[in-house]
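Shown next, in structure tokens, is the structure this report addresses.
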Amino acid sequence: MKLRLLLTAVTVGAAAFVLSGCGTEAHRIDTSSNQGLTTVDDINFKDWQIAGEKCVKTMLDSGVLKRKDDRKTVIMISTVKNSTNEHVNTRLLTDRIRLAILRSGQAVTTTAVSGSGPEDNASRQVRELSNDKMFNKSTVVKQGTAIAPDVSLAGEIVQQKTKSGRSYESYFFIHMTLTDLKTGLAVWEDNVEIAKQAKKPWFGW
Amino acid sequence: MKMISLAGICLAAGIALCGCQNTVNTVENKNKEMQPQEVISKKVSTDSFLRDRLKIVRIDKKVNEAGLMKVQVTAVNVRTGFFHELWSSLSGGKPYKLLYKFTWLDKDGMAVPTPSANWLPMSVIPGDDVYFQAVAPNANCKDFKLSLREYDKD
């Protein structure tokens, strides 16, 4: 009886030891590589990279950012509506697009106004300093100097889930638009489709 | 007799496996209207398996309205035919998946950092053409390099 108990303990111990050896230590991965995790229900960082790359490519190729005068187009980042069941931070897409636009040299982004209020409230705050006796009024930024945006970047992310037997998939549809604020017309639009599929094992999760 | 049976089974299995491999038939207009600016290319291949499977057909470029260079690299998956299809079926290359990345260089040969300099996935069905397109991140970019490698998790 004692021998059996001992054998069981040794077996369990050995199994635990082997299983604990299956894990990997936390390690950094190259974000430009293909090493990231792929999950069905989430938009993973590689998905954002693919979506951003496509949007930037078609936007720069369209030539809509190039103005006839020498002035750079001023872009306002409006709202990217999250119509998925997941928590999605849409800045992962919009920041990628705005950085590419800035580096193209054809446009600049305003932080004084955005879809969810000013991204940087400082533009408004510094103008209010004219009423503060602490500051030299001649050094305070005057009213009426901020440049209003010409176009607005907005979009929506939609998710559709499908299940068939043990297979399940998520389809994400990202639609982005660039609207000319003078006319209200969309001067550029693009879609990015992401579809991911997996199959549940017979046992477990 | 046993040998003949074994050979027959192997052949049948090969044919069955090849049946799982889909290739592409294409049709296009013969008299072309397009007048592309072809780029003379220089290739450095370190992965002969990839080189033999994906053949670079041509490279074209244009400058768009915004003054940005746009390039298109046309390649074709040449791994068609019985033995190639058999091998693709066995090795799981159906469709063939790969990763690509564009690097842009300025007139001084300096690599221009771009927010989108990442390896991107692409699938190519045997027999089909694939077009790798990219637009220069700014007007200072004068040259480019396309890197290709087989799809993996690294």
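Sequences listed follow chains V and Z, in order. Here the working numbering is used: the first residue of the first sequence is 1, the next is one more, and so on. Here the working numbering is used: the first residue of the second sequence is 1, the next is one more, and so on. Positions of the beta carbon are idealized from the N, C-alpha and C atoms, including for glycine. Quick caveat: nothing in here was measured; it's all calculated off a predicted structure.
- Within the model, the alpha-carbon separation for Asn-140/Z versus Glu-65/Z is close to 15 angstroms.
- The residues Arg-166, in chain order, have a CB closer than 6 angstroms to that of Lys-200/V in the same chain once the five nearest residues on each side in sequence are set aside.
- Collapsing the DSSP output to three states places Gly-155/V in a strand.
- Within a 10 Å sphere around the beta-carbon of Asp-61/V sit 16 or more other beta-carbons, which makes this residue buried.
- Scanning chain Z for C-beta atoms nearer than 7 angstroms to the C-beta of Asp-61/V yields Asn-64, Lys-70, Val-135, reported in chain order.
- Minimum Cα-Cα distance from Thr-90/V among the listed residues Val-126/V, Leu-153/V, Lys-137/V corresponds to Leu-153/V.
- Collapsing the DSSP output to three states places Asp-132/V in coil.
- Here the stretch 46-58 of chain V makes no contact with the stretch 116-136 of chain V; the two share fewer than three CB pairs at distances below 8 angstroms.
- In terms of Cβ geometry, Phe-172/V and Ile-157/V form a close pair [threshold 8 angstroms].
- Taking the Cα of Asp-41/V as reference, the smallest distance to any Cα among Lys-142/V, Val-151/V, Ile-194/V is reached at Ile-194/V.
- Thr-114/Z has a beta carbon lying within less than 8 angstroms of a beta carbon in chain V.
- Here Ile-101/V has Ala-107 as same chain residues with Cβ atoms under 6 angstroms from its own Cβ, once five neighbours each way along the sequence are excluded.
- For Leu-92/V, the enclosing alpha helix (DSSP H) stretches over residues 91-104.
- When beta bridges are read from the DSSP output, Thr-177/V appears opposite Ala-154/V, Glu-189/V.
- A distance below 7 angstroms between beta-carbons, with the five flanking residues on each side excluded, links Pro-121/Z to the following residues of its chain, in chain order: Lys-97, Leu-99, Tyr-151.
- The straight-line gap separating the alpha-carbon atoms of Val-113/V and Thr-73/V is approximately 15 angstroms.
- Per the Cβ contact rule, the stretch 137-154 of chain V is in contact with the stretch 175-182 of chain V (3 or more Cβ pairs under 8 angstroms).
- By the criterion of at least three beta-carbon pairs nearer than 8 angstroms, the stretch 120-137 of chain Z is in contact with the stretch 57-72 of chain Z.
- Contact of Leu-99/Z with chain V is assigned, a C-beta pair being separated by under 8 angstroms.
- Look at Glu-28/Z here: in three-state DSSP terms it is coil, with no helix or strand label.
- Residue pairing of Met-122/Z in beta bridges, as defined by DSSP: Leu-98/Z.
- Between Leu-54/Z and chain V, the shortest Cβ-Cβ separation is not below 8 angstroms.
- Closest in C-alpha terms to Ile-125/Z, from the list Arg-53/Z, Met-34/Z, Gly-67/Z, comes Arg-53/Z.
- Gly-23/V has a beta carbon lying at 8 angstroms or more from every beta carbon in chain Z.
- Rounded to whole angstroms, the gap between the alpha carbons of Ala-146/V and Ala-198/V is 50 angstroms.
- Annotated three-state conformation of Met-69/Z is strand, per DSSP.
- DSSP assignment within the stretch 21-83 of chain V yields the following whole beta strand (DSSP E) runs of 3 residues or more, N-terminal first: 73-83.
- Within 10 angstroms of the beta-carbon of Ala-75/Z lie 16 or more other beta-carbons, which makes it buried.
- In the structure shown, Gln-125/V falls within a helical segment according to DSSP collapsed to helix, strand and coil.
- When the beta-carbon positions are compared, Ala-148/V and Leu-93/V stay at least 8 angstroms from each other.
- Rounded to the nearest whole angstrom, the CA to CA distance from Ile-29/V to Gly-36/V is 7 angstroms.
- Between Thr-103/Z and the set Phe-203/V, Leu-99/V, Val-187/V, Ser-32/V, the nearest pair of CA atoms involves Ser-32/V.
- With a threshold of 16 other beta carbon atoms within 10 Å, Leu-65/V meets it and is buried.
- Ranking Lys-43/Z, Ser-48/Z, Asp-47/Z by CA distance to the CA of Arg-58/Z puts Lys-43/Z first.
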